[in-house]
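Take a look at the structure below.
Chains as they are written, first to last, in our numbering: chain A, 110 to 477; chain B, 110 to 477.
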């Protein structure tokens, strides 16, 4: 059985048993038990496995689902996980027992933290990354920015998720220029940095752009799974030209912000995305322009790194409003298995982005 | 310029101007104005066009976006519409001026209300539909159900969104049986009903299942855009084998439930889905197992039917918990351009589903 854990908050006048029964029916047969053939009631309806009261109100409940409900489709697993109940109050999905899924359904990232560290030759320290922007820049300008960041010592450069295939910097031309930027920086400094191309588009074009990015020499791909399709990201991670995948949270916000609905941020960003193929997961860091608490961010980090799941781990990639001068403090808080994603704080450095990258990478090399 | 309207609620200590400026930057360049080249600040950053105070607090603000931001990609339009701001508090997207979009970006449904009424030979009354379920039934059983509902006089039968390609009823076998069910009912009664096959899956498989459904004689397709990918639905609507598309709200819930975040239900279900190719939009009706108000449902209906948008209209398809005996009342409330989606209330009819369908369709034929 596929085991999923929920926090359940019955409505006024509803018992816990009624609410749990309604979830068991809603996410499987969508009919009341009285009209079900008995073999379907027995085999197909979800089964409550355990329950305990939560201190803050509500109950933690684990429900077991017949793996046949997925029919081997990852999309149908997503539907069983959070299809119709996404529209109901008082149900939050908090955990999945990934070992309980049919083998091969969620393959996880193609690389994971260990393999990426090996590929990149960075065995143990925290990493730094930036986004190449703003939209409106030419491919040549973005390629030049990429070179400057790489020459300054940044580890990863990714396209901004707002940069795709606009006439200012068409996809293939931009990828070519950014790859060239990374290579020229390497000639200059002897040190290799890595460039991720943004491939979000209609799923077939997303797959084609991923292939093209690999052909053009990009080191990875950036995708917004809640726009391109969650299973599209999984498809990228399973392709025969594996580039590591960074997942970006655009359009995902409403899923995690209600305390008694949706999914917890740690489940969505730290585990589900990872199960769906993300090697690195971008999430909005606390204290910036977005709204997670420090505890939620730390929970995302732990979830992404856990080494007891049946697929590789993923690098947490907090972003949004971090200042470069606070990075040593953030490394102490979040630990070395983190990719820090900085933007404004590098772009506004009075000495230019190469100097900003140099300062930031020096801090990371000195960090424990 | 692409014009989008928001309800904006500044945080404690933040002015309306600051909050609006932050949206204008966040959804375009993601950098502060002080580091932008002046031509990018001028041409690429969003531009506030007007603003008025809302009675209930907050402001209605229209922002204009450079259409080049989309780069001709519908996915990038979705990112501009609600990418990063999905992760921020106090911003609700309430409207899009569809006439302001680049031509061809959102093609809308292939049919729309008028063409569907003509195809189906139902010029003016309200329609009734059901879902074929429960999961766990065989293809033969679902085909038989389909025949019974059709023979009783239902207009549309769709697969349940929990029924996809499980071994109980594999996709092609099920579609074949349900098409046969519709045809046998027609032989029996002389009246044609219409069957929609559920095609949600990884985008490439979704497209393949849509083609296969058409080849096998299905009359339409059901898809969950928030699982298969929103632009995947648009792709189906633009294919050379056009089947009308029903959009299902699985996994979409969190987007509309917060009063000061997300999208309004009328924008998401009534307009955005329609722009993305849905001919019929399923939404959770008020008073059932889900949580919309009557006013929200009526707003969805109006939005789906509006005839002043640059693409065809869509049938609103309220579902979830409606009783067959209340349908005349619902027709009076919602009007004839509605497809009523009933499940339990038909399945539990003591005389069987054919009798239930007969009663329901008689009510609709008598309705004004």
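Here a beta-carbon is modelled for each residue, glycine too, at the ideal position from N, C-alpha and C.
Quick caveat: nothing in here was measured; it's all calculated off a predicted structure.
Discussion item. Considering only DSSP beta bridges, list what residue 196/B is partnered with.
Written reply: The partner list for residue 196/B (beta bridge, DSSP) is empty, contrary to what the question assumes.
Fill in: Helix, strand or coil at residue 278/A according to DSSP, with G and I counted as helix
coil
Discussion item. Any beta carbon of chain A sitting closer than 9 Å to that of residue 319/B?
Written reply: no
Worksheet item: Taking one C-beta from the segment 232-246 of chain A and one from the segment 135-143 of chain B each time, how about it: are there three or more such pairs within less than 8 Å?
Response: yes
Discussion item. At 3 residues or longer, what runs of the beta strand (DSSP E) sit wholly inside the segment 221-271 of chain B?
Written reply: 236-241 and 265-268
Worksheet item: Start and end of the beta strand (DSSP E) containing residue 437/A?
Response: Counting along the chain, residue 437/A falls outside any beta strand (DSSP E), though it belongs to the alpha helix (DSSP H) covering 436-443.
Discussion item. On the DSSP letters alone, give me the boundaries of the beta strand (DSSP E) that residue 169/A sits inside.
Written reply: 168-174
Discussion item. Using the Cβ count rule (16 or more neighbours within 10 Å means buried), how would you classify residue 370/B?
Written reply: buried
Worksheet item: DSSP three-state call for residue 132/A: helix, strand or coil?
Response: In the structure shown, residue 132/A sits in a helix (DSSP, three-state: H, G or I).
Worksheet entry | Length of the line joining the Cα atoms of residue 217/A and residue 384/A | 4 Å
Fill in: Span separating the alpha-carbon of residue 228/A from that of residue 426/A
18 Å
Worksheet item: Between residue 404/A and chain B, is there a C-beta pair that is closer than 9 Å?
Response: no
Worksheet item: CA-CA distance, residue 382/A and residue 454/B?
Response: 38 Å
Practice prompt. Return helix, strand or coil for residue 189/A, following the three-state DSSP convention.
Written response: Under the three-state reduction of DSSP, residue 189/A is assigned to helix.
Practice prompt. Assign residue 467/B to one of three DSSP states: helix, strand, or coil.
Written response: helix
Discussion item. Going by C-alpha to C-alpha distance, which of 355/A, 193/A, 120/A and 438/A sits closest to residue 239/A?
Written reply: 355/A
Practice prompt. Under 6 Å Cβ to Cβ from residue 465/A, same chain only, skipping five residues before and after it: list those, please.
Written response: Taken in chain order, the residues that qualify are 455 and 458.
Worksheet item: In the segment 295-324 of chain A, which residue ranges form an unbroken beta strand (DSSP E) of at least 3 residues, counting only runs that do not cross its ends?
Response: 303-307
Worksheet item: Beta carbon of residue 294/A, beta carbon of residue 255/A: below 9 Å?
Response: yes
Worksheet item: If residue 451/A sits next to residue 431/A, beta carbons under 8 Å apart, how far is it from one beta carbon to the other, in whole angstroms?
Response: 6 Å
Worksheet item: So who's on the other strand from residue 159/A, going by DSSP bridges?
Response: DSSP lists 171/A as partners of residue 159/A.
Item to complete: Using three-state DSSP, classify residue 456/A as helix, strand or coil.
Response: Helix at residue 456/A.
Worksheet item: In terms of residue numbering, what span does the beta strand (DSSP E) encompassing residue 426/B cover?
Response: 424-428
Fill in: residue 344/B and residue 178/A closer than 9 Å at C-beta
no
Worksheet item: Is residue 337/B closer than 9 Å to residue 312/B when the C-beta atoms are compared?
Response: yes
Worksheet item: Is residue 351/B closer than 9 Å to residue 69/B when the C-beta atoms are compared?
Response: This structure does not reach residue 69/B, given that chain B is present from 110 up to 477, and the question cannot be answered.
Discussion item. Please identify the residue among 429/B, 400/B and 390/B whose C-alpha is closest to the C-alpha of residue 411/B.
Written reply: 390/B
Item to complete: Give a yes or no on whether 9 Å exceeds the smallest Cβ distance from residue 277/A to chain B.
Response: yes
Fill in: CA-to-CA distance, residue 233/B to residue 167/B, given in whole angstroms
41 Å
Fill in: Within 9 Å, strictly: CB atoms of residue 119/A and residue 173/A
Cβ distance not < 9 Å, so residue 119/A and residue 173/A don't count as in contact.
Worksheet entry | Cβ neighbours of residue 297/A in the same chain (closer than 6 Å, five flanking residues each side left out) | 260
Fill in: For residue 204/A, the three-state DSSP class (helix, strand or coil)
strand
Discussion item. I'd like to know if residue 427/B contacts chain E, where contact means its C-beta is closer than 9 Å to some C-beta of that chain.
Written reply: In summary, chain E is missing from the structure at hand, where the protein chains are A and B.
Discussion item. Going by the DSSP bridge assignment, what does residue 357/A pair with across the sheet?
Written reply: Partner residues in a beta bridge of residue 357/A, as assigned by DSSP, do not exist.
Worksheet item: Do residue 368/B and residue 333/B have their C-beta atoms within less than 9 Å of each other?
Response: No, Cβ-Cβ distance for residue 368/B and residue 333/B is not below 9 Å.
Practice prompt. Quickly, what does DSSP pair residue 335/A with across the bridge? List them, please.
Written response: Its beta-bridge partners do not exist; DSSP assigns none.
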